[in-house]
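Counting along the sequence shown from 1, when you hit position 57 you're at 126 in our numbering, and nothing is skipped either side.
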Amino acid sequence: MSQTQISQRAADRLASSTPPGIARKVRGLSDKAISWLFIAPTIVLLLAINVFPLIWTVYLSFTDYRANRLNREVEWVGLRNYERVLTDPDIWHNMLVTAHFLFWTMFFQVLIGFALAWLINKNFRGHGVWTTIILLPMMLSPAVVGNFWTFLYQPQIGLFNYVISFFTGADPSSFQMIGSVTLAPWAIVIVDTWMWTPYTMLICLAGLRSIPDYIYEAAEVDRAGPFRTFWSITLPMVMPFLMLAVLFRSIENFKMFDLVVELSSGGPGSVTELASINLKREAFEKWRTGLSSAFAIILFVTVFGAANIYVKALNTVKSR
């Protein structure tokens with residue numbers, strides 16, 4: 070018996086077992102109505118998971134609601150929470166810490182990632198093995214990476230201090246990457262760069278390999294040098310891919326939480342306390358649910374607005 074016959078028999082059995090009332094209603098539906106009937110559960114689930122929490126958060130941001138005091142009467146406070154967030158110097162400090170982390174991680178990831186992609190694109194002997202080795206960090210969990218680098222940063226037994234000591238001659242126990250107010254912000258930048266540079270490299274490598282060979286051949290005929298070829302062909306054609314990598318990683322790093330918590334928990338003091346860590350403390354340690362909801366909405370609007378402006382710039386670059 071063929072597969073078509075088996076499928077037809079199964080359909081016939083299903084049709085015969087369908088109650089007559091339901092069968093008449095289904096026969097009267099159009100193909101479009103039936104398709105909507107099938108995707109309706111998914112739409113309802115997405116609305117319940119994504120849209121409803123967002124609307125509920127917007128509502129809570131205008132109240133003094135506290136999740137640990139369910140029996141108290143909720144008071145409508147209007148824009149007071151937003152005013153408190155925008156005028157709080159501690160929150161602005163957290164935003165500056167986030168901006169520092171975001172800028173330098175993007176700078177190093179783009180620079181190193183593009184350089185690695187350019188080298189691997191040369192297809193030297195063993196490039197496949199090196200590509201696999203380079204990709205290993207991004208395959209690990211941020212919690213695992215955080216614990217791993219916390220051990221490496223230990224001043225007494227950590228390997229990182231001994232490597233720095235080998236190149237600089239400094240005493241390995243004379244500095245602490247996580248415990249130092251000056252070095253702690255750079256410690257989390259180093260770890261995030263180590264973990265996510267391979268992601269940027271992959272996107273840049275895809276851009277490099279999308280450049281047709283005949284363009285380089287035409288440049289060679291015109292006697293263009295290596296620098297001119299790179300500046301006039303390679304960089305402009307890879308730029309949309311670079312910008313796409315920056316967009317993805319910027320959004321992820323703006324809401325970075327788990328890696329920094331595992332490394333420093335926002336310390337020492339608050340020098341590595343990103344906006345997401347402060348938001349968590351406001352919501353689940355101080356239980357200022359209304360205030361934290363307003364903070365979350367401000368962060369969402371910031372990311373959404375900046376991403377839209379950036380996407381317009383990306384489309385402009387792609388259209389050139």
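Even glycine gets a Cβ: it sits at the ideal position worked out from N, Cα and C.
From a predicted model like this one, the values you see are computed outputs, not experimental measurements.
Exposed or buried, what is residue i when buried is set at 16 or more other beta-carbons lying within 10 Å of its beta-carbon?
i: Y222; result: buried
i: Y134; result: buried
i: F364; result: buried
i: T385; result: exposed
i: P211; result: buried
i: L274; result: buried
i: V179; result: buried
i: F183; result: buried
i: L209; result: exposed
i: R156; result: This sequence places Thr at residue 156; Arg is not what is there. It counts as exposed.
i: R278; result: exposed
i: L171; result: buried
i: L388; result: Strictly speaking, residue 388 in this sequence is Ser, with Leu absent from that position. By the neighbour-count rule (16 or more Cβ atoms within 10 Å), S388 is not buried but exposed.
i: R318; result: buried
i: S104; result: exposed
i: G227; result: buried
i: A168; result: exposed
i: A382; result: exposed
i: A344; result: buried
Among residues of its own chain, excluding the 5 on either side of residue i, which ones have a beta-carbon nearer than 7 angstroms to its beta-carbon?
i: M207; result: M264, W265, P267 and Y268
i: E144; result: T132 and D133
i: A352; result: T358 and S361
i: Q225; result: S242
i: P337; result: G248, V250 and A253
i: H196; result: I189
i: N137; result: W356
i: M175; result: V315, R318 and S319
Within a Cβ cutoff of 6 angstroms, which residues of the same chain sit near residue i, ignoring the five residues on either side of it in sequence?
i: L316; result: Y379
i: G276; result: V307 and F310
i: I247; result: Y222, A253, A256 and S333
i: A314; result: T269 and I272
i: P241; result: N230, Y231 and S234
i: I181; result: T266
i: E142; result: none
If you measure between the beta carbons of residue i and residue j, is that distance less than 8 angstroms?
i: E331; j: T262; result: no
i: V340; j: V250; result: yes
i: I160; j: N322; result: no
i: E342; j: N163; result: yes
i: W173; j: I189; result: no
i: A349; j: F326; result: It is Lys, not Ala, that sits at residue 349 in the sequence shown. Yes, these two residues count as a Cβ contact at 8 angstroms.
i: V120; j: I367; result: no
i: T298; j: Y283; result: no
i: I320; j: A376; result: yes
Find the nearest neighbour of residue i within the set the options, judged by alpha-carbon distance.
i: T126; options: Y151, N140 and K355; result: Y151
i: I202; options: L185, F373, K191 and F217; result: L185
i: W49; options: N192, F193 and L129; result: Only positions 70 to 389 of the chain appear in the structure, and residue 49 is not among them; the question remains open.
i: E288; options: A375, I302 and L204; result: The residue asked about is misnamed: residue 288 is Ala in this sequence, not Glu. Closest by alpha carbon: I302.
i: G335; options: Y285, P158, D282 and V166; result: V166
i: G215; options: G374, L139 and L328; result: L328
Verify the contact flag: residue i, CB atom, against every heavy atom of the ligand ADP, threshold strictly below 7 angstroms.
i: V340; result: Ligands are entirely absent from the displayed structure, and the ligand ADP is therefore not among its contents.
Who are the near neighbours of residue i in its chain, counting only those whose CB is closer than 8 angstroms to its CB and skipping five residues on each side?
i: I280; result: I302, T303, M306 and V307
i: F177; result: V258, T262 and T266
i: G147; result: F131
Handout entry: Every unbroken alpha helix (DSSP H) within the stretch 109-144, with a cutoff of 4 residues, ordered by chain
Key = Counting only runs of 4 or more, we get 121-129.
Exercise for the section: List in chain order: all unbroken alpha helix (DSSP H) runs of 4+ residues lying wholly within the stretch 147-196. Expected result: Secondary structure within the stretch 147-196: the alpha helix (DSSP H) runs of 4 or more consecutive residues, fully enclosed, are 149-155 and 158-189 (chain order).
Problem - Ranges of the alpha helix (DSSP H) found wholly within the stretch 262-297, counting only runs of at least 4 - result: For the stretch 262-297, whole alpha helix (DSSP H) runs of length 4 or above, ordered along the chain, are 282-290.
Practice task
Counting only runs of 3+ residues fully inside the stretch 325-385, write out the beta strand (DSSP E) ranges in chain order.
Solution key: Counting whole runs of 3 or more residues, the stretch 325-385 contains no beta strand (DSSP E) stretch at all.
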